[in-house]
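The structure appears below as structure tokens.
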Amino acid sequence: MTQTTHAISLTGSVATVTEYLGFAINNILYQRGVYPPDDFQQVKKFGLSLMISTDADLNAYLTELLQQISSWIAHGTCRRLVILITDVPSVQTLERWEINIETEPAASSSRLHGGGRKSEEDVRMEIQAVMRQITACVSFLPVITQPCAFDLLVYTSADAQVPSTAWEPSDPQVLKRGTEVKLRSFTTSFHHVDTSVVYRE
1 MTQTTHAISL TGSVATVTEY LGFAINNILY QRGVYPPDDF QQVKKFGLSL
51 MISTDADLNA YLTELLQQIS SWIAHGTCRR LVILITDVPS VQTLERWEIN
101 IETEPAASSS RLHGGGRKSE EDVRMEIQAV MRQITACVSF LPVITQPCAF
151 DLLVYTSADA QVPSTAWEPS DPQVLKRGTE VKLRSFTTSF HHVDTSVVYR
201 E
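Using the UniProt record's numbering, the letters of the sequence shown map in sequence onto residues 1 to 201.
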């Protein structure tokens, strides 16, 4: 019996990276208790049981955000997504989750509909490993007992087309003297994605 594997395309890579970002954000918000557990439901994705939000306002916000990020990734102008978890009373940053997105040299526009070297299944397994690590981070991250909020920062190249109404400039909000933990990365033949977290001990 033969097994068929499908090489991922550039458009498929953009969709996969965008999908990873959405599930990573949801997983982080759930694991870190930014929203109540009752505001999430369990779904199967990447071979795992993951939690996604059922909050209508949050989902509308994330959908619009990810649509724009997907466009930037497709044009090679999205460099990084940062998820900030902040203490509500003091507005102090407690954790800074950073997802870096690099376009591989081979990812040229001429290969838009062509297949990459890596199969969709290989990419899925790599993303599964990253998601497992995000979930396992609760074993070493400080317990958050106070009310928290989150903010999202997107780093783009200077030539990125930025909608004037929905986005505004921000400082990097670096967490000084924090402890950094680098998680696994994954590649699609077109994009290389690294994930890390910096937290205040």
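Think of the CB as a built atom: it goes at the ideal place given N, C-alpha and C, for glycine as much as any other residue.
Sequence-distant Cβ neighbours of Leu-141 in its own chain, meaning closer than 8 angstroms and more than five residues away, are Arg-32, Glu-95, Val-197 and Tyr-199. For Thr-86, the enclosing beta strand (DSSP E) has its first and last residue at 78 to 87.
A distance below 8 angstroms between beta-carbons, with the five flanking residues on each side excluded, links Ile-8 to the following residues of its chain, in chain order: Thr-16, Gly-115, Gly-116, Lys-118, Ser-119, Glu-120, Val-123, Thr-188, Ser-189 and Phe-190.
Looking at the backbone, the Cα of Thr-93 and that of Gly-12 are separated by about 34 angstroms. Taking Val-91 as reference, the option from Ala-24, Phe-186, Asp-151 and Lys-182 with the minimal CA-CA separation is Asp-151. Distance check between Tyr-61 and each of Gly-22, Cys-137 and Cys-148 places Gly-22 closest, using alpha-carbon atoms only. In the displayed model, Glu-121 falls within a helix according to three-state DSSP. For the pair Ala-24 and Met-131, the Cα-to-Cα distance works out to about 7 angstroms. Take the alpha-carbon of Ser-71 and the one of Trp-97: they are about 22 angstroms apart. Around the C-beta of Ser-139, fewer than 16 other C-beta atoms lie within 10 Å, and the residue is accordingly described as exposed.
Gly-76 has its alpha-carbon roughly 13 angstroms from the corresponding atom of Thr-18.
One Cα belongs to Ile-52, the other to Ala-136, and the distance between them is close to 17 angstroms. The alpha-carbon separation between Arg-177 and Leu-29 amounts to approximately 23 angstroms. Residue pairing for Tyr-155: DSSP places it in a beta bridge opposite Arg-80. Judged by DSSP secondary structure, Phe-46 falls outside any alpha helix (DSSP H); it is assigned neither H nor E.
Assigned with DSSP and collapsed to three states, Ile-28 falls in helix. Sixteen is the threshold: since fewer than 16 other Cβ atoms of the shown chains lie within 10 Å of the Cβ of Thr-179, the residue is exposed.
Val-14 sits away from Ile-99, with the two beta carbons spaced by 8 angstroms or more. Secondary structure of Asp-55 (DSSP, three-state): coil.
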